[in-house]
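Here's the structure we're looking at; comments come further down.
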Amino acid sequence: MRNDPLSLKRRRPSLTPLIDVVFLLLIFFMIVSRLTSEQQYDFKLMSEGTVSETTREITQFDIRLLPGGDIIYQENAIKASDLKEKLARSEESRIQLELDPETDLQDTVRFMEEFQSLENVTVSLSSEGKIK
Amino acid sequence: MRVVPPKRSSRENVIPLINVVFLLLIFFMITGQIRQPDAVDIALPFSMIESSKTGEGKEILLTKSGDIYLAGEQVSLSGLAAMNLLNPGEILKVKIDGTCKRDCFLPFFKALSDMGIDKISLVTIQGSKI
Numbered sequence: 006m007r008n009d010p011l012s013l014k015r016r017r018p019s020l021t022p023l024i025d026v027v028f029l030l031l032i033f034f035m036i037v038s039r040l041t042s043e044q045q046y047d048f049k050l051m052s053e054g055t056v057s058e059t060t061r062e063i064t065q066f067d068i069r070l071l072p073g074g075d076i077i078y079q080e081n082a083i084k085a086s087d088l089k090e091k092l093a094r095s096e097e098s099r100i101q102l103e104l105d106p107e108t109d110l111q112d113t114v115r116f117m118e119e120f121q122s123l124e125n126v127t128v129s130l131s132s133e134g135k136i137k
Numbered sequence: 212m213r214v215v216p217p218k219r220s221s222r223e224n225v226i227p228l229i230n231v232v233f234l235l236l237i238f239f240m241i242t243g244q245i246r247q248p249d250a251v252d253i254a255l256p257f258s259m260i261e262s263s264k265t266g267e268g269k270e271i272l273l274t275k276s277g278d279i280y281l282a283g284e285q286v287s288l289s290g291l292a293a294m295n296l297l298n299p300g301e302i303l304k305v306k307i308d309g310t311c312k313r314d315c316f317l318p319f320f321k322a323l324s325d326m327g328i329d330k331i332s333l334v335t336i337q338g339s340k341i
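These protein sequences, in sequence, are chains E and L. Going by the working numbering, the first sequence opens with residue 6, and the numbers climb by one from there. Going by the working numbering, the second sequence opens with residue 212, and the numbers climb by one from there.
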């Protein structure tokens, strides 16, 4: 019976099947898994005509949202920060949002996120795209 | 003086390679999410606000061209209006292409609003558009 170091070396279990399986698993996970994390955001649909149950005075801001997120208030372009200042001056504000035909959902979501998170501000989409 | 070249093993050392592959495997297993693919591929809008809300429920999908898919099946806007979409207390999970223009998503919102749905759960991707 041979018992030299060479034959002992040969008796080591082969790692090749293990590596094959690991590679296959890696390829599987790389293909099927998605790295982007989806989340859900509460989006209030049109609420024209709804009256909030409050005794406080509500100031309405008719805003037009242009593609790229540009904001038009009273026919003039206004910065988001300036609009926030105006909103902060009133006790309770309601933004009635009119969308330009070229305004996409991404711009709308960005605007809604920015202004819906403000205290005492409600944002509602104008159903026809135009302010009534 | 004669320089003796170092002895090289007959087989390349594959252990570092296996280590890296194992690390990659662990990374993909932990960070990746295995989900059923959507009926059609859409580019979800990005959201800056971090939300931990990831509830399950009825899912509706609106593509850039205005096609509506409910549970993987294409439905029309009028067909959707005839359906009893939600049970009381349920919130509809909506996936809309972020590049959808006003005239694509507003009639859809209007139809949902007419069905008595005042709030939806819009699916977004956390982060900013690069």
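Don't be surprised by glycine CBs; every beta carbon is placed ideally from N, CA and C. No experiment lies behind these values; they were computed from the predicted model shown.
Note that the C-beta distance between E/I68 and E/L102 is below 8 Å. Under the three-state reduction of DSSP output, E/R16 falls in the coil class, being neither helix nor strand. If you draw a straight line from the Cα of L/F233 to the Cα of E/V114, it comes to about 40 Å. The three-state reading of DSSP puts L/D252 in coil, since its state is none of H, G, I, E or B.
Every beta strand (DSSP E) of 3 residues or more that sits fully in the stretch 62-99 of chain E is shown, in chain order, as 63-70, 76-78, 81-83.
Contact between the stretch 92-108 of chain E and the stretch 302-317 of chain L is present: 3 or more CB-CB pairs across the two stretches fall below 8 Å.
Cα atoms of E/F120 and E/L88: separation of roughly 10 Å, rounded to the nearest angstrom.
For the C-beta of L/Q247, not a single chain E residue is nearer than 7 Å; the gap to the nearest is close to 10 Å. Residues of the stretch 97-110 of chain E that bring their beta carbon within less than 9 Å of a beta carbon in chain L comprise L104, D105, P106, E107, T108, D109, L110, in sequence order. Shortest Cα-Cα distance from L/D308 to any of L/A293, L/S258, L/M294, L/I302 involves L/S258. Straight-line spacing of the CA atoms in L/F239 and E/F66 works out to 48 Å. Contact annotation: the stretch 31-39 of chain E does not touch the stretch 289-297 of chain L, with fewer than three C-beta pairs closer than 8 Å. Not flagged as an interface residue toward chain L: E/L88, since no C-beta distance is shorter than 8 Å.
Membership of L/E261 in any alpha helix (DSSP H) is not indicated, and neither H nor E is assigned to it by DSSP. By a beta-carbon distance limit of 8 Å, L/Y280 contacts L/V251. Their separation comes to about 7 Å.
For L/M326, same chain residues with a beta-carbon under 7 Å away, outside a window of 5 residues either side, are A292, L296 in chain order.
Within the DSSP secondary-structure output, E/F34 pairs in no beta bridge. For E/T127, there is no enclosing alpha helix (DSSP H); the residue is found in the beta strand (DSSP E) stretching over 126-130.
Contact annotation: L/I241 and E/T41 have beta-carbon atoms that are not nearer than 8 Å.
Residue burial is scored here from C-beta neighbours: L/I245 has fewer than 16 other C-beta atoms within 10 angstroms and is therefore classed as exposed. L/D314 carries a helical assignment under DSSP once its states are collapsed to helix, strand and coil. Secondary-structure assignment with DSSP links E/K49 through a beta bridge to L/K330. What E/Q65 touches in chain L, judged by beta-carbon distance under 9 Å, is nothing: the nearest beta carbon there is about 19 Å away. If you draw a straight line from the Cα of E/T108 to the Cα of L/L303, it comes to about 24 Å.
With respect to the C-alpha of E/E96, the residue from E/S86, E/E124, E/N81 having the closest C-alpha is E/E124. Cα atoms of L/D329 and E/E62: separation of roughly 23 Å, rounded to the nearest angstrom.
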